[in-house]
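Visitor:
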Amino acid sequence: MHVDTSHLRNTDEEGRLRRSGRAAVPLILLSLIAALLALRVGVFAPGASSPVWPWSGTVPAATVDLGVTTPPLARNEWRAWRRSDLQSVEAFEQAIHKHASIVMWYADWKHSAPSRAQLLAVAERGSVPEITWEPWDYTAGLYTPQPEYTLQSIIDGAHDAYIREWARALASYGRPVRLRLAQEMNGNWYPWSETANGNHAGQFVAAWRHVHDLFTAAGASNVQWVWSPVALAGTIVAEQYPGSRYVDIVGLSAFNGGAQLKYDRWESFAAKVEGPLRTIEALAPGKPVEISEVGSAEQGGSKAQWITGMFQTLAEHPEIESVIWYDVSTTSDWRIETSRSAERAFAAGAGSARYR
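Quick note: the sequence shown, position 241, residue 241 per this note's numbering, numbers continuous.
Put into structure tokens, the structure is as follows:
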């Protein structure tokens, strides 16, 4: 997904150089210097919330969308009328010297209604909206049975009115939007897992296709469907993949929790994703891949080195077309701001022209 940055301008670099006593340098040379600086690290105008390009011509070719989710977007708390709710995204952008071309938020089926205002708030800042859409009551917590949200209840149509409301809303929005439905289905902590909440094998795909069909009937062709398991070795199985007609993007969650997560240990990004990526390639050949959630703890190793290694691995996998950093503190503090070294490592990696 492309974000058009050709309308953006840098108005600060020339003034900054003039104030430093170099006003006599020809303007064309100043523009060239500013352009080179922008290409290398991104340029921010005073008071701006996003990096801006210094000219209206062609920007460098980019192949990977860089995105983020932040509090309160991460857990059903975002309200589009609160300006402060997107300021955390802007702070992330300032820290990494890069615009976030995807902004992801979470919406559970118990509390969340579709919001055109949310979609527009993200689109108008030049980002693509992505919604992690969760069929549960998130306040009940993980590993908790929720009979109201069994996979069979979705298949039987118990939630059809709610699903149609969302389908009509996203169809009327009309612009591209990513819908990441029932993520990490190959784990056992959410009530849509086939090994939890009284569910059975084969029901996840049936439920996914039922929801998808309702969106198709509503004319929501602008929705891109993101199927997103968690990157745990040996847990991604073909029987949970809805099929190429029902999936546009294949995602992965990949967290390096160190001692913070009971199922995890300190591992490089490459060690976490290489096996799952091979499985995905076999299941969904040719589908673009999104790292839908990614983060690392500080304890257990060098977070900065882990982030540097992540960007190195991403460069080796052209099938990965989007990366969304989970800039939230939950079971561990995944934010890049946990240390200056981590923040610098992320800014250095994101500074590559391949990230838009």
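C-beta: ideal position from N, C-alpha, C; glycine also.
If contacts are defined as beta-carbon pairs under 8 angstroms, then residue 181 and residue 133 qualify, I think. What distance do you get, rounded to the angstrom?
Guide: As a position in the sequence shown, residue 181 is number 181, starting the count at 1. As a position in the sequence shown, residue 133 is number 133, starting the count at 1. 5 angstroms between Cβ atoms; contact.
Visitor: In this structure, does DSSP put residue 128 in helix, strand or coil?
Guide: The residue given as residue 128 occupies position 128 in the sequence shown. Here residue 128 sits in strand by DSSP.
Visitor: Among 243, 158, 85, 138, which residue has its Cα nearest to the Cα of residue 122?
Guide: As a working note, residue 122 is residue 122 in the sequence shown. When C-alpha distances from residue 122 are compared across 243, 158, 85, 138, the shortest belongs to 85.
Visitor: If you reduce the DSSP assignment to three classes, tell me which class residue 65 lands in.
Guide: Against the sequence shown, residue 65 aligns to sequence position 65. Note: residue 65 maps to strand in three-state DSSP.
Visitor: Based on DSSP bridge pairs, tell me the residues matched to residue 227.
Guide: Taking the first residue of the sequence shown as position 1, residue 227 is located at position 227. Looking at the DSSP output, residue 227 sits in a beta bridge with 250.
Visitor: Quick one: what's got a C-beta closer than 6 angstroms to residue 344's C-beta in the same chain, skipping five residues either side?
Guide: Your numbering for residue 344 matches position 344 in the sequence shown. The answer is none, since no qualifying residue turns up.
Visitor: Determine, using beta carbons only, whether residue 254 and residue 220 come nearer to each other than 8 angstroms.
Guide: Position 254 of the sequence shown holds residue 254. Position 220 of the sequence shown holds residue 220. No.
Visitor: Return the CA-CA distance between residue 83 and residue 66, expressed in angstroms with no decimal places.
Guide: As a working mapping, residue 83 is identified with position 83 in the sequence shown. As a working mapping, residue 66 is identified with position 66 in the sequence shown. Whole-angstrom Cα-Cα distance: 22 angstroms.
Visitor: In three-state DSSP terms, what is residue 340?
Guide: Here residue 340 refers to the residue found at position 340 when the sequence shown is read from its first residue. In this structure, residue 340 counts as helix in the three-state DSSP scheme.
Visitor: To the nearest angstrom, how far is the alpha carbon of residue 350 from that of residue 271?
Guide: Locating residue 350 in the sequence shown gives position 350, where the first residue counts as 1. Locating residue 271 in the sequence shown gives position 271, where the first residue counts as 1. Between residue 350 and residue 271, the C-alpha separation is close to 21 angstroms.
Visitor: Are residue 225 and residue 251 close, meaning C-beta to C-beta below 8 angstroms?
Guide: Mapped onto the sequence shown, residue 225 falls at position 225. Mapped onto the sequence shown, residue 251 falls at position 251. Their beta carbons are not under 8 angstroms apart, which means residue 225 does not touch residue 251 by this criterion.
Visitor: Have a look at residue 156 and residue 203 and give me their C-alpha separation to the nearest angstrom.
Guide: Your numbering for residue 156 matches position 156 in the sequence shown. Your numbering for residue 203 matches position 203 in the sequence shown. Whole-angstrom Cα-Cα distance: 11 angstroms.
Visitor: Count the CB pairs spanning the stretch 319-327 and the stretch 66-75 that are closer than 8 angstroms, and state whether there are at least three.
Guide: yes
Visitor: Would residue 191 be called buried (16 or more neighbouring beta carbons within 10 Å of its own) or exposed?
Guide: Counted from its first residue, the sequence shown places residue 191 at position 191. Looking at its Cβ environment, which holds 16 or more other Cβ atoms inside 10 Å, residue 191 is buried.
Visitor: Start and end of the alpha helix (DSSP H) containing residue 151?
Guide: Stepping through the sequence shown from its first residue, residue 151 is reached at position 151. 151-155 is the span of the alpha helix (DSSP H), which, as asked, contains residue 151.
Visitor: Write down every uninterrupted run of the alpha helix (DSSP H) in the stretch 156-216 whose length is 4 residues or greater and which is fully enclosed by it, in chain order.
Guide: 160-173
Visitor: Tell whether a beta-carbon distance below 8 angstroms holds between residue 284 and residue 333.
Guide: One-based indexing of the sequence shown puts residue 284 at position 284. One-based indexing of the sequence shown puts residue 333 at position 333. Not closer than 8 angstroms, so no.
Visitor: I need the DSSP call for residue 239, collapsed to helix, strand or coil.
Guide: Walking along the sequence shown from the start, residue 239 turns up at place 239. Looking at residue 239 - three-state DSSP - the assignment turns out to be helix.
Visitor: Could you give the distance in angstroms between the alpha-carbon of residue 234 and the alpha-carbon of residue 347?
Guide: In the sequence shown, counting from the first residue as 1, residue 234 sits at position 234. In the sequence shown, counting from the first residue as 1, residue 347 sits at position 347. If I take the Cα positions, the gap works out to 33 angstroms.
Visitor: At the level of alpha carbons, what is the spacing between residue 78 and residue 115?
Guide: Taking the sequence shown and counting its residues from 1, one reaches residue 78 at position 78. Taking the sequence shown and counting its residues from 1, one reaches residue 115 at position 115. Going from the Cα of residue 78 to the Cα of residue 115 covers about 11 angstroms.
Visitor: Could you have a look at residue 273 and say whether DSSP puts it in helix, strand or coil?
Guide: For the purposes of this step, residue 273 is taken as residue 273 along the sequence shown, with counting starting at 1. If DSSP states are grouped into helix, strand and coil, residue 273 belongs with the helices.
Visitor: Apart from the five residues on each side of it in sequence, which residues of its chain come closer than 8 angstroms, Cβ to Cβ, to residue 210?
Guide: Residue 210 sits at position 210 when you count from the first residue of the sequence shown. Excluding positions up to five away in sequence, the list reads 154, 155, 157.
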